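Top line first, the protein sequences correspond to chains A and B. Adding 1360 to a residue's 1-based position in the first sequence gives its number in my numbering. Adding 1360 to a residue's 1-based position in the second sequence gives its number in my numbering. Glycine residues also receive a C-beta, built at the ideal position from the N, C-alpha and C atoms. The structure presented is a predicted model; accordingly, all values stated were derived computationally and were not measured.
2 protein chains.
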Amino acid sequence: MMWAMGVDWLTAEEQRAWRAYISLHRELTARLNRQLQADSQLSLPDYEVLVHLSEAPGGRMRPYELAKALQWEQSRLSHQLSRMQRRGLVGREECTGDGRGAFMVLTACGLETIHAAAPSHAAKVRELFFDALTPDHVAAIAEISHQGLAGLTPVEPVCDGTGESD
Amino acid sequence: MMWAMGVDWLTAEEQRAWRAYISLHRELTARLNRQLQADSQLSLPDYEVLVHLSEAPGGRMRPYELAKALQWEQSRLSHQLSRMQRRGLVGREECTGDGRGAFMVLTACGLETIHAAAPSHAAKVRELFFDALTPDHVAAIAEISHQGLAGLTPVEPVCDGTGESD
DNA sequence: CAAGCCTGCATGACGTGTCATCTATTCCGG
DNA sequence: CCGGAATAGATGACACGTCATGCAGGCTTG
């Protein structure tokens, strides 16, 4: 039995970097989550939805638009919206003109909540992320994030597999 | 009602970078997850646990050691280990010498699974992460990850054979 | 050595995320 | 107009994560 390593085919340095990256990201989002939760009873996903909705004209958006804007899977969004509706953060309106769809609208409560939550959350993001990095690092991350890692970023649909090599 | 923005106190550019970063990370881990799942019926968390266990002498570790190495919350690990035990990937042994604790051991199945999963997973990580970045970007991320974002990140001991202070 | 605290770990409740599946509509071609 | 495909969305099952809590076994101190 060969315990002792050799399991991963990344170099030791790559492993260290990769694991550190994963841990750091988790730690970062965990802190943001906790702060949001403590200050505003919101989760990070809640916040993202509310921000997008509040930026939309009329505070209303079709779920599919929201999904595209957030780059979320439709079903994730659907669940999320249900939960948020239960809590009164968003409301559902029928979509005249397209019988299958709907409109999600920001409620007064949702608007109030996001307005109350935004300042401290943004401050926290700035504190933990932007202020903690050198301008060079910020630039690097921005560049990487915008171009997508393997040019593959745009999730696309996992199309029918016509032998799609992975 | 003031729809139309102003909710976030990050600059437009910061928002773009931040959101892109979040989306990119999600997409990256989602792909790794899917690949692992398809190839080896493992999740990323499963994989991480198996790797650490397989690197431990004897393939055995105390849960609290594992938690520290992975930088996971204890309760998360506990749940994870239960699930993995149910699937036969790990086993539990009593810890003589400390009545409250236990040892988690890699089972034959777990060992086989991780050995089978590692090559393609490592290749995928390399493909999506390391190969997709310029050396400069890799260096930047490594630097950021290792030093932690706000110096607040208790990214303590990254247990590494060759002792190295932080 | 007894009282109390700290540790190691499990567990139940609940929010979150994904996948597969299902429905209802709309769209499009014949 | 009919039938099939694509679209919009919901939903149930189940994995994952966190929090709060419980608890037994070690440790410390008087």
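For residue i, the first and last residue of its enclosing beta strand (DSSP E)
i	result
B/E1433	Careful: B/E1433 lies outside any beta strand (DSSP E) and carries neither H nor E.
A/L1466	1462-1466
A/E1454	1450-1454
Where the alpha helix (DSSP H) through residue i begins and ends
i	result
A/E1374	1372-1400
A/P1417	Neither: A/P1417 is in no alpha helix (DSSP H) and is coded neither H nor E.
B/S1505	1495-1507
Integer-rounded CB distance, given that residue j should sit under 8 Å from residue i
i	j	result
B/S1403	B/L1410	With 8 Å as the limit, B/S1403 and B/L1410 do not qualify as a contact, their Cβ atoms being about 10 Å apart.
A/L1370	A/G1419	A/L1370 to A/G1419, Cβ: 46 Å. No contact.
B/A1476	B/S1400	6 Å
B/Q1434	B/P1405	Contact flag wrong, Cβ pair sits at about 14 Å.
A/A1377	B/S1505	6 Å
B/A1427	B/L1437	5 Å
A/H1385	B/H1497	That pair is no contact at about 16 Å.
Legend entry - the stretch 1486-1505 of chain B in contact with the stretch 1374-1384 of chain A per 3-pair CB rule at 8 Å: yes
Legend entry - Meets three-Cβ-pair contact criterion under 8 Å: the stretch 1479-1492 of chain B and the stretch 1416-1436 of chain B: no
Inset, instruction - Pair every Cβ in the stretch 1465-1479 of chain A with every Cβ in the stretch 1447-1456 of chain A, then say whether three or more of these pairs are closer than 8 Å. - result: yes
Legend entry - Interfacial residues, the stretch 1378-1406 of chain B to chain A, with Cβ spacing under 7 Å: W1378, A1380, Y1381, S1383, L1384, H1385, E1387, L1388, Q1395
Inset, instruction - Mind checking the stretch 1488-1501 of chain B against chain A and listing, in chain order, the residues whose C-beta falls within less than 8 Å of any C-beta there? - result: L1488, F1489, F1490, D1491, A1492, L1493, D1496, H1497, V1498, A1500, I1501
Inset, instruction - Pull out every residue of the stretch 1416-1428 of chain B whose Cβ sits closer than 8 Å to any Cβ of chain A, in chain order. - result: A1416, P1417, G1418, G1419
Legend entry - Near-chain B residues of the stretch 1429-1454 of chain A (beta-carbon distance less than 7 Å), N- to C-terminal order: Q1431
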